[in-house]
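Engineer: One structure, pasted below without further comment.
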Amino acid sequence: MTGMRVFYEGWQMECCGRPFAVGDEVAWPLVAVTTEEHRERCYGAEAWVENHGDRTRPATGRVRAVELVRQEYLVHTDRRARERLDRAPDPAAGSEGLVVLPSPYRWEAVPGAYTLQSADSCPKWFEPDEPGPDPGPQRLHRTVGALVTLEPTGDRP
Numbered sequence: 001m002t003g004m005r006v007f008y009e010g011w012q013m014e015c016c017g018r019p020f021a022v023g024d025e026v027a028w029p030l031v032a033v034t035t036e037e038h039r040e041r042c043y044g045a046e047a048w049v050e051n052h053g054d055r056t057r058p059a060t061g062r063v064r065a066v067e068l069v070r071q072e073y074l075v076h077t078d079r080r081a082r083e084r085l086d087r088a089p090d091p092a093a094g095s096e097g098l099v100v101l102p103s104p105y106r107w108e109a110v111p112g113a114y115t116l117q118s119a120d121s122c123p124k125w126f127e128p129d130e131p132g133p134d135p136g137p138q139r140l141h142r143t144v145g146a147l148v149t150l151e152p153t154g155d156r157p
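Spelled out as structure tokens, the structure:
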């Protein structure tokens, strides 16, 4: 299969993207990967979708394959923050005002620990595994985006 590999980060899709499927013609603002460090952060892709940068003419192409990227994380739990969260008033129970509490979790990506899951399409929303109440470090996964094989039909980044 020919084409270029493009990383579509999950937050970019959730914020401003439109779901797509294999066979779709797309037009995305792409940024070329220029360093080895960035290539690792983009899971080996040649370019990534940047919906918030300089609005240059988008690259066009046909989606030939979609692989969802599931990154493994080591999740650390702050016990005190977790206890505050557990004691927070339930808004449905008639509490007054908005209660904002910090997340009790710190997600640390495990370098090189990811899997690719073949898919027919890219979803709008990516659901992570949720940490349980266990205070010890937990190994969980998050779908962080999609690696797309894009057959260019126009300009490349």
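In terms of full-length UniProt numbering, the sequence shown is numbered consecutively and its last residue is 157. Don't be surprised by glycine CBs; every beta carbon is placed ideally from N, CA and C. Computed from a predicted structure; not experimentally measured.
Select from Leu68, Tyr105 and Pro137 the residue whose C-alpha is nearest the C-alpha of Thr149.
Structural biologist: Residue mapping note: residue 149 aligns to position 149 of the sequence shown, counting from 1. If we check each option's Cα against that of Thr149, Leu68 comes out closest.
Engineer: Just verifying my parser: in three-state terms, what is the DSSP assignment at Gly132?
Structural biologist: Walking along the sequence shown from the start, residue 132 turns up at place 132. Three-state DSSP puts Gly132 in coil, outside helix and strand.
Engineer: Assuming Ala21 contacts Val63 (C-beta within less than 8 Å), just tell me the rounded distance between them.
Structural biologist: Here residue 21 refers to the residue found at position 21 when the sequence shown is read from its first residue. Here residue 63 refers to the residue found at position 63 when the sequence shown is read from its first residue. Ala21 to Val63, Cβ: 7 Å. Contact.
Engineer: Using the DSSP secondary-structure output, state which residues sit across from Thr60 in a beta bridge.
Structural biologist: Position 60 of the sequence shown, counting from 1, holds the residue named residue 60. Thr60 pairs with Ala27.
Engineer: Using DSSP with H/G/I as helix, E/B as strand and the rest coil, what is residue 160?
Structural biologist: Lying outside 1 to 157, the shown extent of the chain, residue 160 is not represented and no answer is given.
Engineer: What's the call for Cys15, buried or exposed, on a 16-neighbour Cβ count within 10 Å?
Structural biologist: As a working mapping, residue 15 is identified with position 15 in the sequence shown. Cys15 is exposed by the Cβ-count criterion.
Engineer: Contact defined as beta carbons within less than 8 Å: I believe Glu108 pairs with Leu74. What is the distance between those atoms, to the nearest angstrom?
Structural biologist: In the sequence shown, counting from the first residue as 1, residue 108 sits at position 108. In the sequence shown, counting from the first residue as 1, residue 74 sits at position 74. That belief holds up - the Cβ atoms of Glu108 and Leu74 are roughly 5 Å apart, short of 8 Å.
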